[in-house]
Amino acid sequence: MAAQTLAGDIARDTQDILARLGVAPNRRLDGALEARSPITGEAIGRVDAGGAASTKAAIACADAAFLVWRNVPAPRRGELVRLFGEELRRAKSELAALVTIEAGKIRSEGLGEVQEMIDICDFAVGLSRQLYGLTLATERPGHRMMETWHPLGVAGVITSFNFPVAVWAWNAAIALVCGNSLVWKPSEKTPLTALATETLFERAVARFGSAPDGLSIVVQGGREVGGALVEDPRVRLVSATGSTAMGRAIAPRLAQRFARTIFELGGNNAAVVCPSASLDLAVRAIAFAAMGTAGQRCTTLRRLFVHETVYDDLMARLRAAFTAVSVGDPREDATLVGPLIDEDAYGAMRRALDDARMAGGVVVGGERALADRFPAAFYARPALVAMPEQTAIVKQETFAPILYVMKYRDFDEAMRLQNEVAHGLSSSIFTNDMREAERFLSAEGSDCGIANVNIGPSGAEIGGAFGGEKDSGGGREAGSDSWKAYMRRATNTINYSEELPLAQGVAFDVPQNGT
Ligand code: NAD
8 MAAQTLAGDI ARDTQDILAR LGVAPNRRLD GALEARSPIT GEAIGRVDAG GAASTKAAIA
68 CADAAFLVWR NVPAPRRGEL VRLFGEELRR AKSELAALVT IEAGKIRSEG LGEVQEMIDI
128 CDFAVGLSRQ LYGLTLATER PGHRMMETWH PLGVAGVITS FNFPVAVWAW NAAIALVCGN
188 SLVWKPSEKT PLTALATETL FERAVARFGS APDGLSIVVQ GGREVGGALV EDPRVRLVSA
248 TGSTAMGRAI APRLAQRFAR TIFELGGNNA AVVCPSASLD LAVRAIAFAA MGTAGQRCTT
308 LRRLFVHETV YDDLMARLRA AFTAVSVGDP REDATLVGPL IDEDAYGAMR RALDDARMAG
368 GVVVGGERAL ADRFPAAFYA RPALVAMPEQ TAIVKQETFA PILYVMKYRD FDEAMRLQNE
428 VAHGLSSSIF TNDMREAERF LSAEGSDCGI ANVNIGPSGA EIGGAFGGEK DSGGGREAGS
488 DSWKAYMRRA TNTINYSEEL PLAQGVAFDV PQNGT
């Protein structure tokens, strides 16, 4: 198909941004996979989509690149990531605008997403000089024992629509300094941001000058493309971000071939508001955590447990915040809540609210918004739901701005309710009582991968290890020592003596030369 112009302002803006980012017209207008903007619901571009066969070819290419890249010294690998970080800095506002158009994030969140990419590049550059192993005490005289870390192979990265570029960058920056090559399958709902990111990476590669071809490849398409990454034994690590249902579908297939995995799956995150909490601070934190990104973050606050002595006061303030929040076009400065990604997301929200009402919930908000202005898009007012107890619907992740609020009487009850769901991603407590805060963070407290005090559960920094427990997948990405998941560890014992003592005192003396 020849390059064509798409109708509509938003489609034209998208194509202008892509052109300014240097993406060739045929790559953004001529493919089989259609990109849509949740802002208006209209088509904004078309990219090439692959199938299982082209994904296999991409894996072969990445595998060949790995054989070269693994021998490039890690600090030199870091230089490529540094250059990529420079490209991101230069393109920050353009790429952020594209995130807004394709994923529907408000402008500051679009910019924040690209900043997160820049931050992880900076982190990875430093890491490229710190991929350290240990030297360990050995029981044998004249011996030395140590651990060394080596590149792993092709890393397959499957990402979700709601962080269309940052999640890949978390994986890519670390995987690259660790000496791996990459094959990325972005969400089929956000192909253009992936295309733009690929272009920026290609520019960094060109400036770097000596990276092997196929070091980082993007394969666009749906599940069958992700499935090809899952099945191929050359993909040594699969890092998959998305729903728990996706994780459950691919985990057994990856286990079958003993692949290394990082699962970053769904969340059903809670916060506890204690009697001593600063309610001003709690309301601000809860508003962002529950309504930010239109409730479409894995770490979005979905369940709130409030001590009965502060419940009425807090609920009055939350009702005011939920009623006042501006829902609208995310490109406009006044907007705080943009659209849901598509009609399915809106349908899931409506069904969840119907269930909650049936179970005795009292709902404020939740109505469809802006249907006159954008009939093909799906905006919803965030819903605040007073629930009599933690019912079945509250225990599910609905990927939409719904906050279920429940009362508690004593701290142990709050802890039990917080941990009573299948997910274990993020959590927080609002308290000025040091004992409550410490108990929340202790072994008997929150069972989540992220546990915060006096801030909400969403909006993590890249320096910490990110990930959750239970149905949230158990993976860890980004900072701290997450890099170890992207490398293989070898334990080395070196004998520099003339003797051959065996460990644990085992004797095994084979006669030599007839003695
Ligand atoms: P999704 O599961 O529908 O899709 C995620 C990705 O997985 C997409 O690229 C999709 O094509 C691919 N995929 C889906 N099924 C597959 C299969 N059977 N085989 C191979 N690939 C498959 O998720 P989504 O709607 O894009 O994102 C929302 C979900 O992601 C929410 O549940 C959210 O909590 C979760 N999420 C988790 C994190 C985290 O870090 N824990 C971050 C972002 C989003």
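Under the working numbering, think of the first position of the sequence shown as 8, with each following residue one higher.
Beta carbons are placed, not taken as given, at the ideal position from N, Cα and C, and that holds for glycine.
Since the structure is predicted, the reported quantities are computational estimates derived from the model, not experimental observations.
Contact test: Phe385 Cβ vs the ligand NAD heavy atom, cutoff 7 Å
no
Have a look at the DSSP bridge pairing and note the partners of Met422.
In the DSSP output, where bridge partners are listed per residue, Met422 has none listed.
Please classify Val517: is it buried, with 16 or more other beta-carbons within 10 angstroms of its beta-carbon, or exposed?
exposed
Would the C-beta of Pro193 count as close to the ligand NAD, meaning under 7 Å from any of its heavy atoms?
Here the distance from the Cβ of Pro193 to the nearest heavy atom of the ligand NAD is below 7 Å.
Is the stretch 230 to 248 close to the stretch 98 to 106, with three or more CB pairs under 8 Å?
no
Quick check on the DSSP output: the alpha helix (DSSP H) that includes Pro259 runs from which residue to which?
Thr251 to Gln263
If you draw a straight line from the alpha carbon of Ala10 to that of Leu424, how long is it in whole angstroms?
Its pLDDT being 44, under 50, Ala10 is placed unreliably in this model, and the coordinates cannot settle the point.
Beta strand (DSSP E) containing Arg496: first to last residue?
Met494 to Asn502 is the extent of the beta strand (DSSP E) around Arg496.
Excluding the 5 residues preceding and the 5 following Ser285 in the sequence, name in chain order all residues of the same chain whose CB lies nearer than 8 Å to its CB.
Phe437, Asn439 and Asn461
Among Gly133, Ala203 and Ala277, which residue has its Cα nearest to the Cα of Met422?
Ala277
Cβ atoms of Gly111 and Val184: under 8 Å apart, would you say?
Taking 8 Å as the Cβ cut-off, Val184 and Gly111 do not qualify as a contacting pair.
For the pair the stretch 383 to 396 and the stretch 327 to 338, tell me if three or more CB-CB distances fall below 8 Å.
yes
Spatial neighbours of Ala173 within its chain, please: C-beta separation below 7 Å, excluding the five flanking residues on both sides.
Glu120, Glu123 and Met124
Helix or strand or just coil, what does DSSP make of Arg388?
coil
7 Å Cβ shell around Glu195 - same chain, five flanking residues per side excluded
Leu40, Gly228 and Gly229
Identify the continuous alpha helix (DSSP H) that holds Met124 and give its terminal residues.
Boundaries of the alpha helix (DSSP H) around Met124: Arg114 to Leu134.
Taking a contact to mean a Cβ-Cβ separation below 8 Å, would you say Thr200 touches Glu109 in this structure?
Yes, they are a contact pair.
Cutoff 8 Å: Asn276 Cβ touching any chain C Cβ
Among the protein chains of the structure shown there is no chain C, as only one such chain exists.
Spatial neighbours of Pro395 within its chain, please: C-beta separation below 7 Å, excluding the five flanking residues on both sides.
Excluding positions up to five away in sequence, the list reads Gly367.
By the 10 Å Cβ neighbour count, where 16 or more other Cβ atoms means buried, how is Phe265 classified, buried or exposed?
exposed
CB of Tyr411 within 8 Å of CB of Arg375, strictly
no
Taking 7 Å as the line, does the beta carbon of Thr62 fall inside it for any heavy atom of the ligand NAD?
no
Give me the Cα-Cα distance between Leu377 and Tyr386, rounded to the nearest whole angstrom.
6 Å
Taking 8 Å as the cut-off, does the stretch 62 to 71 touch the stretch 19 to 37 (at least 3 CB pairs, one atom from each stretch)?
no
Nearer than 7 Å: is that true of the beta carbon of Val542 relative to any heavy atom of the ligand NAD?
This structure does not reach residue 542, given that the chain is present from 8 up to 522, and the question cannot be answered.
Between Cys305 and the ligand NAD, is there a pair consisting of the residue's CB and a ligand heavy atom that are separated by less than 7 Å?
Cys305: yes, Cβ under 7 Å from the ligand NAD.
With a threshold of 16 other CB atoms inside 10 Å of the CB of Asn78, please say whether the residue is buried or exposed.
Per the 10 Å Cβ criterion, exposed.
Is Ile165 near the ligand NAD - that is, is its Cβ less than 7 Å away from at least one heavy atom of it?
At least one heavy atom of the ligand NAD is nearer than 7 Å to the Cβ of Ile165, so yes.
Start-end ranges of the alpha helix (DSSP H) lying completely within the stretch 262 to 336, minimum 4 residues
Taken in chain order, the complete alpha helix (DSSP H) segments of 4 or more residues contained in the stretch 262 to 336 are 286 to 298 and 318 to 331.
Can you give me the start and stop residues for the beta strand (DSSP E) that Arg416 sits inside?
Here Arg416 belongs to no beta strand (DSSP E), and DSSP marks it neither H nor E.
For a test of your reading of the model: does the CB of Asn169 fall under 7 Å from any non-hydrogen atom of the ligand NAD? Yes or no.
yes
How many angstroms separate the CA atom of Val48 from the CA atom of Glu205?
According to the sequence provided, residue 48 is Gly. The question's Val does not apply to it. Distance between the alpha carbons of Gly48 and Glu205 is about 24 Å.
Contact set for Gly335: own chain, Cβ-Cβ below 6 Å, skip 5 residues either direction:
Here the set comprises Thr342.
Environment of Glu116 [buried if 16+ CB atoms lie within 10 Å]
buried
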